[in-house]
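A short write-up of the structure that comes next.
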Amino acid sequence: MRSSWINKLSVILGPRPPVSWLLLCLISVLALIAVLGSSSSNSFESVTSIPVPDIYTNYRRLKEQAAIDYLELRTLSLGVSRQRELGLCGKEQENYVPCYNVSANLLAGFKDGEEFDRHCELSRDGQRCLVRPPKDYKIPLRWPAGRDVIWSGNVKITKDQFLSSGSMTKRLMLLEENQIAFHSEDGLNFDGVKEYSRQIAEMIGLGSDSEFLQAGVRTVLDIGCGFGSFAAHLVSLKLMAVCIAEYEATGSQVQLALERGLPAMIGNFISRQLPYPSLSFDMVHCAQCGIIWDKRDGMFLIEVDRVLKPGGYFVLTSPTSKPRGSSSSTKKGSMLTPIEELTQRICWSLLAQQDETLIWQKTMDVHCYTSRKQGAVPLCKEEHDTQSYYQPLIPCISGTTSKRWIPIQNRSSGSHLSSVELEVHGVHPDDYFEDSEFWRSSLRNYWSLLTPLIFSDHPKRPGDEDPLPPFNMIRNVMDMNARYGGLNAAFLEAKRSVWVMNVVPTRTQNTLPLILYQGFAGVLHDWCEPFPTYPRTYDMLHANGLLSHLTSEGCNIMNLLLEMDRILRPEGWIVLSDNMVAIEKARALATQIRWEARVIDLQKGTDQRLLVCQKPFLKK
1 MRSSWINKLS
11 VILGPRPPVS
21 WLLLCLISVL
31 ALIAVLGSSS
41 SNSFESVTSI
51 PVPDIYTNYR
61 RLKEQAAIDY
71 LELRTLSLGV
81 SRQRELGLCG
91 KEQENYVPCY
101 NVSANLLAGF
111 KDGEEFDRHC
121 ELSRDGQRCL
131 VRPPKDYKIP
141 LRWPAGRDVI
151 WSGNVKITKD
161 QFLSSGSMTK
171 RLMLLEENQI
181 AFHSEDGLNF
191 DGVKEYSRQI
201 AEMIGLGSDS
211 EFLQAGVRTV
221 LDIGCGFGSF
231 AAHLVSLKLM
241 AVCIAEYEAT
251 GSQVQLALER
261 GLPAMIGNFI
271 SRQLPYPSLS
281 FDMVHCAQCG
291 IIWDKRDGMF
301 LIEVDRVLKP
311 GGYFVLTSPT
321 SKPRGSSSST
331 KKGSMLTPIE
341 ELTQRICWSL
351 LAQQDETLIW
361 QKTMDVHCYT
371 SRKQGAVPLC
381 KEEHDTQSYY
391 QPLIPCISGT
401 TSKRWIPIQN
411 RSSGSHLSSV
421 ELEVHGVHPD
431 DYFEDSEFWR
441 SSLRNYWSLL
451 TPLIFSDHPK
461 RPGDEDPLPP
471 FNMIRNVMDM
481 NARYGGLNAA
491 FLEAKRSVWV
501 MNVVPTRTQN
511 TLPLILYQGF
521 AGVLHDWCEP
531 FPTYPRTYDM
541 LHANGLLSHL
551 TSEGCNIMNL
561 LLEMDRILRP
571 EGWIVLSDNM
581 VAIEKARALA
591 TQIRWEARVI
601 DLQKGTDQRL
611 LVCQKPFLKK
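Shown next, in the form of structure tokens:
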């Protein structure tokens, strides 16, 4: 065998290889060994000379990074390509509000005021872009300083618009060229708002406005709220005052109120119902709000009656409502105006009138409607009370067959709901209390989570003298899928200086009556459509289970995230809780919107994930 192998080799190389050839082979082998040894040595040295990267010493950070790495791999395995970041919209869209395009509405045939109404059905999905902040935009001052002083560059309003305003709640003082102040020397508001509030309290039989809560007044719908001075005062009394006003291209009352950290949204009295269920508010207030209440056979007044709770109050202050003759306080003037005749037809009683202010009270007796004389407004059919999301105005009385027909004076004054109250709202007590405990725990997790994120990543790191963030950076919060308002309740228990707009999606169980009953702000909304507010009006957006729900409903998630970006302030926060699939998709899209996104596994061993994002301050 061996001789056979040698014979074959000799055939290839010849019987005796030259010595020079053998020397050349030896030198080549030695050179190759030297090169490989040098390369290995250099490679080893290069590896050992790389500085050791920083290692997460915080276990939360380690879990967070692991989740991010896992999602990166999952995204690649699913074949999801990294999309290009979206560009910025033009300067003309800095204050863009979808669904309020007057020109498009006119072309569609809307008239008689309806061209100023909300028409999302006419909106077209144009080029996707990010609504940029104005050139002079600045991060709002922290609460409560931000309630009284705002940056003028943050709102679309001119000095002339301020000075020409005649409303009793529209007064200002320009501290500097770039600031607007709403407070007086003693820290209260201009224009005698405190005295005005005391007057209202006395007219309904109270000693002072500090007794509003004891009298059952917790939620107030302020129509045409001016610059929010009256609402700001009510907030100081622990009342929830929600401002609604029509869309305004400039000088928006809603934008001003939200910039001050006060609850507000776009809404008007034209042709559709407000997005609130019947029997929602304890008081409806109109101070020179510009609405002609006896127009259209009193249809607007009937809409006020729909959202007003039994025993609730309608406060109207206007030069046109001044009683004839003496201006002193009187009871039930003998000369009836058209609006007074209308109020009698819907079982309202005129409590008092003083100067330019009149106050009516809605009946507490549901049988009043059946005992009225001929010509009274008819009662609505039961199906009209089931849904009130921008439905056409209807000339009938709502809520008379509801289990929620509870006079505000009979409501318990405590903060905790009884089992009877929950069952009236169709909620099982065990579900409610379990939900409340869940959100207490979740809020503690959120707060501990956001605090180190802001300290480590926020461009304006607070100093030692500042309270722990995000206490000093978050005021306006929106819970986009509020359910029972548990997050709102947890904020209150934790004594956080925030208010929450509790949004109940239209295609879920309508729990908004329970939310409003607790004294919280809330609204019905279809998240397949834009929200009726101005850009940059919320500090934090929160949603639990909303992404998976909207996906099942066929809504476009990218459009939802773009809408969230529009209404979120620069450096604001997004907290989304959902299943892994929904979070994966949202995180991939968040990179296109330029959000800084982090995925966190808070519930070990489950499919639930938390996506925490921050919107950057894009100046170009």
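Per the numbering used here, the very first residue in the sequence shown carries number 1; after that it's consecutive.
Backbone N, C-alpha and C fix where the C-beta goes; we use that ideal spot for every residue, glycine too.
Quiz item: Does the Cβ of H367 have 16 or more other Cβ atoms within 10 Å, making it buried, or fewer, making it exposed?
Solution: exposed
Quiz item: What is the DSSP secondary structure of R598, reduced to helix, strand or coil?
Solution: strand
Quiz item: Regarding S103 and the ligand HEM, is the C-beta to nearest heavy atom distance less than 6 Å?
Solution: The ligand HEM is absent from the structure shown, which contains no ligand whatsoever.
Quiz item: Excluding five sequence neighbours on each side, which residues of the same chain lie with their C-beta closer than 6 Å to the C-beta of N544?
Solution: N481, S577
Quiz prompt | Assigned secondary structure, Q199 (DSSP; H/G/I helix, E/B strand, else coil) | solution = helix
Quiz item: So the beta strand (DSSP E) L611 belongs to, where does it begin and stop?
Solution: 608 to 614
Quiz prompt | Close beta carbons around Q253, own chain, < 8 Å, minus the five adjacent residues each side | solution = G224, C225, G226, F227, G228, C243, A245, A264
Self-check item: CB of Y369 within 7 Å of CB of T343, strictly
Solution: no
Quiz item: When DSSP builds the beta bridges, which residues end up paired with K362?
Solution: Partner residues in the beta bridge of K362, as assigned by DSSP, are W348.
Practice problem: Sort D297, G90, Q391, R345 by Cα distance to K373 and report the nearest one. | Solution: R345
Self-check item: beta strand (DSSP E) segment containing D282, residue limits
Solution: 281 to 287
Quiz item: Is it true that the stretch 272 to 288 meets the stretch 524 to 543, where meeting means three or more beta-carbon pairs spaced less than 8 Å apart?
Solution: Enough Cβ pairs lie closer than 8 Å, so yes.
Quiz item: In chain order, what residues of the same chain have a beta carbon less than 6 Å from the beta carbon of M240, not counting five sequence neighbours either side?
Solution: Excluding sequence positions up to five before and after M240, its CB lies within less than 6 Å of the CB of T219, G519, A521, all in the same chain and listed in chain order.
Quiz item: Going by Cα to Cα distance, which pick from V477, F491, I474 is closest to F438?
Solution: Among V477, F491, I474, the Cα nearest to that of F438 belongs to F491.
Quiz item: CA-CA distance, A287 and I583?
Solution: Computed Cα separation, rounded: 46 Å.
Quiz item: Excluding five sequence neighbours on each side, which residues of the same chain lie with their C-beta closer than 7 Å to the C-beta of L379?
Solution: For L379, where only same-chain residues beyond five positions count, the Cβ hits under 7 Å are Y369, C396, I397, T400.
Quiz item: In its own chain, which residues sit with a C-beta less than 8 Å from the C-beta of N101, not counting the 5 before and 5 after it?
Solution: H119, L122, S123
Quiz item: Closest by CA to S349, which one among D355, G311, P338, K381?
Solution: G311
Practice problem: Measure the C-alpha to C-alpha separation of Q354 and K194 and round it to an integer number of angstroms. | Solution: Approximately 16 Å, taken between the alpha carbons.
Quiz item: Does the Cβ-Cβ distance between G113 and I266 come in under 7 Å?
Solution: no
Exercise. Could you say if the stretch 561 to 574 and the stretch 501 to 516 meet the contact criterion of at least three C-beta pairs nearer than 8 Å?
Key: no
Self-check item: Assigned secondary structure, S448 (DSSP; H/G/I helix, E/B strand, else coil)
Solution: helix
Quiz prompt | Given S152 as reference, the closest of K138, T357, C528 once Cα atoms are compared | solution = K138
Quiz prompt | Proximity of V149 and L256 at Cβ, strictly below 7 Å | solution = No, these two residues do not count as a Cβ contact at 7 Å.
Quiz prompt | Ordered list of beta strand (DSSP E) runs contained in the stretch 211 to 281, each at least 3 residues | solution = Counting only runs of 3 or more residues that sit fully inside the stretch 211 to 281, the beta strand (DSSP E) segments are 219 to 223, 240 to 245, 264 to 266, in chain order.
Exercise. Can you check DSSP and say which residues form a bridge with N579?
Key: DSSP lists Q608 as partners of N579.
Practice problem: Report buried or exposed for V235, applying the criterion of at least 16 other Cβ atoms within 10 angstroms of its Cβ. | Solution: buried
Self-check item: Span of the alpha helix (DSSP H) around D305
Solution: 299 to 307
Practice problem: Out of P338, G485, N268, state which residue places its alpha-carbon closest to the alpha-carbon of D297. | Solution: P338
Quiz item: Under the rule that 16 or more other beta-carbon atoms within 10 Å means buried, what is P392, buried or exposed?
Solution: Exposed, because fewer than 16 other Cβ atoms sit within 10 Å of the Cβ of P392.
Practice problem: Note the first and the last residue of the continuous beta strand (DSSP E) segment covering G522. | Solution: 521 to 525
Quiz item: How long is the line joining the alpha carbons of E202 and S208, rounded to whole angstroms?
Solution: 6 Å
Exercise. Using beta-carbon positions only, say whether V284 and L358 come within less than 7 Å of one another.
Key: no
Quiz item: Taking just the CA atoms, how far does V581 sit from R587?
Solution: 10 Å
Quiz item: Buried or exposed: which applies to E340, given that a residue is buried once 16 or more other Cβ atoms fall within 10 Å of its Cβ?
Solution: buried
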